[in-house]
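Counting in the numbering used here, the sequence shown runs from 1352 upward without gaps.
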Amino acid sequence: MKVRCLICMLVVFAVAGLARARPFTIIIVTSDIDSEQGYTRFLQDIYRGNVDVQIQPDRYKEHLTAPLKAELQEADLIIVSEDNSGPDYNADADFWALLDVPILNHCINLVRSDNHKYWDWLSGNKSDTNPCTHFNVADHNDVIFSGVDTSAGSVQVLSTGKDVDHSDQSSAGNGRLIATSGGNVVITRWLGDEDFYYDGSDYGPAGAGRLYFATPDKISDYFDLGTEDAKIMLANAIVSLLPVPRPEGDLDNDWDVDFEDFSLLSGSWQEPNCSTSDNCSGADADASGRVDLADLTIVAAGWLAGVDLIPPEPNVMTWKTEPMTLSTHSVYMAATQAYDLENGVQYYFQCISGHGPDSGWQYGNVFEPNELDCGARYGYRAVARDTSSRNNQTQWSDEVTARTFEMYREVADASAAVAIDPNFFIVADDENNRLRIYNRLYPGSRPVADPNISDFINIDPAHPEADIEGATWLGGRIFWITSHGRSACGDYWLSRYNFFATTIIQGEEEVTVTVDGNYSNLVDDLIAYDSVYELGLADAIGVADGHIDESQIPPLAPKEQGLNIEGLCAAADYNSVLIGFRNPQPSVAEPNQALIIPLYNPEQVVINGSTPDFGEPILLDLGGLGIRSMEYSPTLGEYLIIAGSHKAGSESPLQILYRYNMTTDTLTRLKDFEIITPEGLFQFPGSNDIYIVSDDGLLLVETPAGYVYNKLLPVEQRTFRTQLFTP
């Protein structure tokens, strides 16, 4: 009967719920964004995601422009980090002093006076305590110590001692002294109504709350080494300046007023002695010592305020960035930014295939697990929920799969690769003449065989690197082609002009690779070919008396204007091959076109030394890029082409994978590569997966001696990556 009457009274008193205000804006003034990331998460937890934390290093230094001043004036709270230098802000000290916005200042460099040189909150200069672990309690009644045991007279704030710069003064002036270290100020508060921070100061708090709270130089140390009490104190300090908005009548502290609160009220109705017992369970809203009509009036006045029944949008979560590979042990993903009319938003990333970690509920819409297995496949989906008491949840996104890079050892400059059978593949390194065979079942492994073919092709002992760039299966052999380009200085090196074929025999205990033939006159044949089609080949080669000019010609380096072959693949008829050029790119149209030349008799050329039978050139619009690798895919019935600039990778790093239908002459862009440097691609028999081989020679590797290019490491420490892609 009691509950029924209360419901009737509640209906009489009920009013519409309060509308949600905009998210709070908190600006962190810092010189080190990385150190502040933990602070951002801390603030998100306090305000349940209903806060916009803005961090831009060094944005608010001296000589503030009008727009920057407006940003600060419109903030709800400003936090000044300890990592800031005082002089950088003093040109605008008058502006900061008159700023009618609460400020939580961790920076003694600015808080100090030092003869009125700085913001002049505390007289004197700065001191340090090294190592500091405890703060002494000066005001047990300040809200900063709410929930903290202060009976010992001090509170441990850091588990390990750190240098904490603070004031060299024992007095807080006109402020309220809250905590000290060594007798000097580490925490003090000004309410905002003081005329001056201390008698003789140039400034006062200008109507807004001010709080000085000493921390280590890097606030990340406070979060990493801070005790639970330390974090409670900091949270209390923040909320004392910018209170958490809760509707009146929210008895259970869940940010809304609903039947949960009414249940507390009715359960303690007419309960006396609330102030001396726990019987009222928070139902005594007016703190009168009794649960009565006055408390019901408070609940009714806020009835349904903050109640949220609607999930965030989009209510089928989608991907901003689908899971993508970052490294051999990490993937990156980002959910679409979700919005909720009433509350903040949290995100959850769930691994539903593979054995990767879930994110847990988090405020950020980005997740980057970084302890994954090498070469493993992981499927993730994402969901969002609001931070209301009901945690209204969207529907899950689609699952998207990513696979970490595989990694193999002893090669850095991987340049061409071919599958031998469903498990083994062979790789060339354009910096030496070894062909290395790997077992894909064992990512991270060393080669099972590494024959050196130098004795079987044309080699200049002074410059022995053949610069192998392309490979393909044809007629039971693997055909290999070198760059046919000059050195980086434009020199002619004999070793770079080889077109050869190998046979691979897999025994029970070893793999044998034999060179069946080699052709070294292809460059002169291309000169003759160019006399018919005028594609710029002769200009890129450098010609003297109808043959390649063997003198040094610096502008004809491969990454300048010189010839560079990097693609070789069997054609769809499996009788001919296609030769792809990274450079030149004929200027027959705008932009310059990528060049492919068919060769109809590769076996006769390589095995018998016959004259090449070239077909008409194929020109493709790859957006001004050349060909880095090619392969015919029997499962797609189309060609796969990796396009890239002829320049050095650091000058033009983006490379693109296309599929090309030669029958319809159509190109389809499949994937961009910004992390790896693709130089080869192949398919294992019976698989739809495409393996991309990365040239990782210029990857910087951290060593005890500092960062070193991968290609300069000892051979046993060199690695290259592969990425799996399924069109």
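Beta carbons: idealized from backbone N, C-alpha and C, even for Gly.
Computed from a predicted model, the values in this text were never measured in an experiment.
Annotated three-state conformation of Leu1394 is helix, per DSSP. Pro1623 sits in coil when the DSSP states are folded into three classes, being neither helix nor strand. Listed in chain order, the non-local C-beta contacts of Asp1612 below 7 angstroms within the same chain comprise Gly1600, Asp1601, Leu1602, Asp1603 and Val1650, local neighbours out to five positions each way being set aside.
If you compare the alpha carbons of Asn1926, Ile1379 and Asp1427 with that of Asn1435, the shortest gap goes to Ile1379.
When Glu1579, Val1462, Ala1770 and Val1883 are compared, the shortest CA-CA separation from Val1508 is found for Glu1579.
Annotation for Ala1889: the continuous alpha helix (DSSP H) segment containing it runs Leu1888 to Ile1892. Restricting attention to Thr2028, Tyr1789 and Asp1842, the CA atom closest to the CA of Gln1903 is found in Asp1842. Restricting attention to beta strand (DSSP E) runs no shorter than 3 residues, the region 2006-2035 encloses them at 2006-2012, 2017-2024 and 2029-2034, ordered along the chain. For the pair Ser1497 and Val1506, the Cα-to-Cα distance works out to about 12 angstroms.
DSSP places Pro1418 in the uninterrupted alpha helix (DSSP H) bounded by Ala1417 to Glu1425. When C-beta atoms of the region 1767-1784 are compared with those of the region 1635-1643, fewer than three pairs fall below 8 angstroms, so the two segments do not count as touching. Between Gly1977 and Asn1934, the beta carbon gap of about 5 angstroms places them in contact (Cβ cut-off 8 angstroms). The DSSP-derived three-state label of Asp1867 is strand.
With respect to Ala1753, Gly2031 sits apart: the two C-beta atoms are not nearer than 8 angstroms.
With contacts defined by Cβ atoms closer than 8 angstroms, Asn1401 and Ile1495 do not form a contacting pair. In the three-state reduction of the DSSP assignment, Gln2074 falls in the strand class, which pools E and B. Taking the Cα positions, Ala1800 is about 26 angstroms away from Arg1979. In this structure His1467 does not touch Ala1442 by the C-beta definition: roughly 15 angstroms separates them, more than the 8 angstroms allowed.
Under the three-state reduction of DSSP output, Tyr1411 falls in the coil class, being neither helix nor strand. Annotation: Asn1803 to Leu1914 spans about 26 angstroms, alpha carbon to alpha carbon. In this structure, DSSP gives Pro1674 an extended state, which the three-state scheme calls strand.
Annotation: the region 1725-1796 contains the following complete segments of the beta strand (DSSP E) (minimum length 3 residues), in chain order: 1728-1737, 1751-1754, 1757-1760, 1765-1770, 1775-1780 and 1786-1790. Contact between Ala1735 and Gln1697 holds: their C-beta atoms lie close to 7 angstroms from each other, under 8 angstroms. DSSP places Glu1885 in the coil class of the three-state scheme, outside both helix and strand.
C-alpha of Gly2048 to C-alpha of Val1874: approximately 27 angstroms in a straight line.
Between Thr1679 and Thr1738, the gap from beta carbon to beta carbon reaches 8 angstroms or more. For Asn1487, the secondary structure class from DSSP, reduced to helix, strand or coil, is strand. Between the C-alpha atoms of His1835 and Lys2062 there is a straight-line separation of about 22 angstroms.
In this chain, the beta strand (DSSP E) harbouring Val1515 covers Lys1513 to Ser1518.
Thr1376 has Asp1403 as its beta-bridge partners, per DSSP. Bounds of any beta strand (DSSP E) do not take in Pro1953; it lies within the alpha helix (DSSP H) bounded by Pro1953 to Asn1959. Annotation for Glu1982: no alpha helix (DSSP H) segment contains it, though the beta strand (DSSP E) segment containing it runs Gly1977 to Ser1984. By the Cβ-count criterion, Glu1941 is exposed, with fewer than 16 other Cβ atoms from all chains shown falling within 10 Å of its own Cβ.
Here DSSP, grouped into helix, strand and coil, assigns Lys1477 to strand.
For Gly1821, the enclosing beta strand (DSSP E) has its first and last residue at Ile1819 to Leu1825. For Ile1429, DSSP records a beta bridge to Ile1378 and Ile1454.
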